[in-house]
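According to my numbering, the stretch in the sequence shown is residues 24 to 482, in order.
Backbone N, C-alpha and C fix where the C-beta goes; we use that ideal spot for every residue, glycine too.
What follows is one structure encoded as structure tokens, with my remarks underneath.
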Amino acid sequence: MRIIRDENGALSRPCSKYLSKLAESEFIVFGYTLGDKTLIKENIKILEAGKKILFNDNEIKIETDFVYYSPQKEDDEQELEELLLESIKDIFRDILSWTKSRKIIVPLSSGYDSRFIASMLYLMNCKNVCAVTYGLPNTENPIAKKVAERLGFEHIFIEYNSYTFQKLCSELPAYLLRHSQLFRAPNIQELLSIMLIRDLYDIDGIFIPGHTGDFISGAHITLSAISSKNIHELSDSIIEFHSLVKPPLVPNLVRLSLERYLHNIWKEIKLFYAPLKPQVQLYELQEMFDWRERQYKWISSAMIPYVVYGFSFTTPLWDKRLVNIFLKLTLRSKYRQKFYINFLFRNIFKPLEIDFRKYGEISSPIMYLDQIFLRSPKIIQHTYRLLKTKASKIFLKKLPPNPCGFDLLFPKMMKLHINTTVNKHIIRARSPPYYPMIITLSEIKKSICSKNKESRQHP
């Protein structure tokens with residue numbers, strides 16, 4: 024018998040005493056399980072991005088409905104710019120016909136995606152807009168504030184610090200457990216800001232975040248993925264970019280699982296576009312992985328606080344009309360967001376006089392160096408990557424910490440409120456999402472033990 028539901032009910036009843044070793048290892052490395060797996064050993068699966076369930080004469084079938092790939096590429100950037108501009112206007116007309124006169128709340132950082140959203144609202148003559156910036160002082164806020172002022176929008180800054188972070192302590196473990204759905208550690212970047220907006224400000228409206236313009240425009244395509252010669256090298260590239268733990272600590276069973284996964288999605292793309300005989304590049308498999316795993320499982324969970332606290336939301340940069348345009352870009356146009364950034368500055372940011380470079384951005388000459396070395400022999404590419412990595416580490420040491428401060432605030436929180444060996448996790452952690460992942464996994468294990476204990480006491 025199969026049960027289909029929109030929420031995982033496994034934690035509401037006794038289940039397998041043990042987690043799947045492979046799924047747990049993937050969860051620790053990426054913050055989510057790969058494919059349709061959940062952490063539970065029992066046959067509990069999720070529906071993957073781009074797939075649909077078909078019911079026919081008591082038969083249940085799962086089919087691929089969309090893959091993040093296009094076999095057709097376009098070289099004419101001017102034509103694509105015109106199409107993009109027309110499409111984004113159509114998308115915002117649709118949004119404004121839905122929102123009507125309700126207040127629109129834009130989570131505004133110093134970055135380009137949220138600035139794009141704010142700019143389009145301004146250009147569509149939408150006045151009832153509030154921009155909200157959150158995080159540590161003097162990171163995202165100075166530029167975001169300038170943008171909001173130039174556009175004439177109300178602006179609120181919500182500071183993340185030890186005091187405000189305490190508000191998360193009592194609620195966070197239960198929140199992570201409930202919304203993990205046994206396959207992900209939820210993205211909580213906006214959770215504190217939404218809590219504080221609801222508690223401290225009399226604001227009700229529709230959130231329009233910038234998810235996920237950076238991804239669709241090419242920001243996650245790495246030089247190592249482009250220069251990969253086979254699935255094994257691509258797997259290393261994905262781990263280098265996506266792993267929450269330091270790459271040498273990634274176990275072999277996860278590496279092998281990832282390689283199998285990449286082979287499977289390569290076959291899936293080939294089958295989906297079989298009549299066109301697609302020539303799938305390895306970097307396109309990296310994008311497919313990012314879309315189906317990171318974007319679908321982790322980035323999308325950043326919107327959960329909107330629902331929990333009673334807000335509506337929409338994500339215009341995730342509209343299929345835009346996605347299909349960016350899928351047609353050649354690698355040359357897409358790498359380091361060349362087409363997207365040029366489009367934004369030329370058509371929108373410069374005319375509106377908000378053409379500020381975002382917080383922490385490395386200067387644009389790096390992009391041109393990358394383009395040169397892309398055409399170099401493999402040994403020169405490898406040497407360049409090593410030098411670039413070392414230079415990046417030196418540069419990043421001069422920057423303030425994570426703009427939300429999670430790399431500073433989470434270890435303190437874990438030490439004070441959560442029974443775990445903090446020093447061990449600080450050594451293993453490679454990025455701030457590692458800490459919510461550890462808390463989520465801990466809460467899932469405690470919940471499973473509790474449910475099984477109850478079942479033994481009350482058979």
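- Only counting runs of 4 or more residues, tell me where the alpha helix (DSSP H) segments fall wholly within the segment 86-122, in order along the chain. Here the runs fully enclosed are 100-122.
- Task: Measure from the alpha carbon of I181 to the alpha carbon of each residue in E263, S216, H234 and C192, then state which is nearest.
- Result: Between I181 and the set E263, S216, H234 and C192, the nearest pair of CA atoms involves S216.
- Message: Check whether the segment 246-255 and the segment 301-314 touch, using three or more Cβ-Cβ pairs below 8 Å as the test.
- Response: Taking 8 Å as the limit for Cβ pairs, the verdict is that the segment 301-314 does touch the segment 246-255.
- Item | Start and end residues, beta strand (DSSP E) containing Y284 | It is not in any beta strand (DSSP E) - Y284 instead sits in the alpha helix (DSSP H) that spans N275 to F295.
- Of the residues S48, S43 and E71, the one placed nearest I288, counting alpha carbons only: Answer by Cα proximity: E71.
- Message: Tell me which residue opens and which closes the beta strand (DSSP E) that H178 is part of.
- Response: E177 to E182 is the extent of the beta strand (DSSP E) around H178.
- Message: Is it the case that the segment 164-176 contacts the segment 277-286, given that we only count it when at least three CB pairs across the two stretches are under 8 Å?
- Response: Contact annotation: the segment 277-286 does not touch the segment 164-176, with fewer than three C-beta pairs closer than 8 Å.
- Buried or exposed: F78, going by 16 or more other Cβ atoms within 10 Å of its Cβ? Exposed: under 16 other Cβ atoms inside 10 Å.
- Identify the residues that DSSP records as bridge partners of T156: which are they? DSSP lists F180 as partners of T156.
- Message: Do Y41 and A208 count as a contact pair if the criterion is CB distance below 9 Å?
- Response: Not a contact, by the Cβ cut-off of 9 Å.
- Message: By alpha-carbon positions, which one of P328, S142, P301 and H286 ends up nearest to L195?
- Response: Of all alpha-carbon atoms in P328, S142, P301 and H286, the one lying nearest the alpha-carbon of L195 is that of P328.
- Closest residue to L340 among R355, F238 and Y332 (Cα-Cα distance): The option with the nearest alpha carbon to L340 is F238.
- Query: Can you tell me whether DSSP reads Y135 as helix, strand or coil?
  - Reply: Reduced to three states, the DSSP call for Y135 is helix.
- Query: Shortest alpha-carbon distance to V52 belongs to which of D259, I85, F336 and I226?
  - Reply: When each option's Cα is compared against that of V52, the closest is D259.
- Residue environment, L191, which counts as buried when at least 16 other CB atoms sit within 10 Å: Under this definition L191 is a buried residue.
- Message: What would DSSP say about E310, mapped onto helix, strand or coil?
- Response: E310 falls in the helix class under three-state DSSP.
- Item | Span of the beta strand (DSSP E), counted from its first residue to its last, around N79 | It spans K74 to N79 - the beta strand (DSSP E) in which N79 sits, taken as one unbroken run.
- Task: Would you mind working out which of I461, S473 and W314 sits nearest S48, comparing C-alpha positions?
- Result: Ranking the options by Cα distance to S48, first place goes to I461.
- Can you tell which of Y91, E65, R221 and G228 has its C-alpha closest to the C-alpha of K121? Correcting the residue type first, residue 121 is Trp in the shown sequence and not Lys. It is G228.
- Message: the ligand FMN and L279: does the residue's C-beta get closer than 8 Å to at least one heavy atom of that ligand?
- Response: For the ligand FMN, the structure offers nothing, since it holds no ligand at all.
- Would a C-beta distance cut-off of 9 Å place V155 and L174 closer than the cut-off? Cβ distance not < 9 Å, so V155 and L174 don't count as in contact.
- For Y296 versus Y92, is the C-beta distance shorter than 9 Å? It is a contact, given that the beta carbons lie within the stated cut-off.
- Where S185 sits in the DSSP three-state scheme: Residue state, collapsed to three classes: helix.
- For the segment 345-381, which segments carrying the beta strand (DSSP E) assignment without a break, of at least 3 residues, lie completely within its bounds, in sequence order? Fully enclosed beta strand (DSSP E) runs of 3 or longer: not present.
- Query: Ordered along the chain, which non-local residues of its own chain (more than five positions away) have a Cβ less than 6 Å from that of I371?
  - Reply: Closer than 6 Å at the Cβ level, and outside the excluded window around I371, lie S142.
- Any contact of the segment 91-106 with the segment 130-142, i.e. 3+ C-beta pairs under 8 Å? Contact between the segment 91-106 and the segment 130-142 is absent, because fewer than three Cβ pairs lie under 8 Å.
- Strand pairing of Y55, partner residues [DSSP]: Answer is R207.
- Item | Of the listed residues I83, V129 and K112, nearest to F336 (C-alpha basis) | Checked all of I83, V129 and K112; the closest Cα to F336 is V129.
- Query: CA-CA distance, E466 and F230?
  - Reply: Note on geometry: alpha-carbon atoms of E466 and F230 lie some 29 Å from one another.
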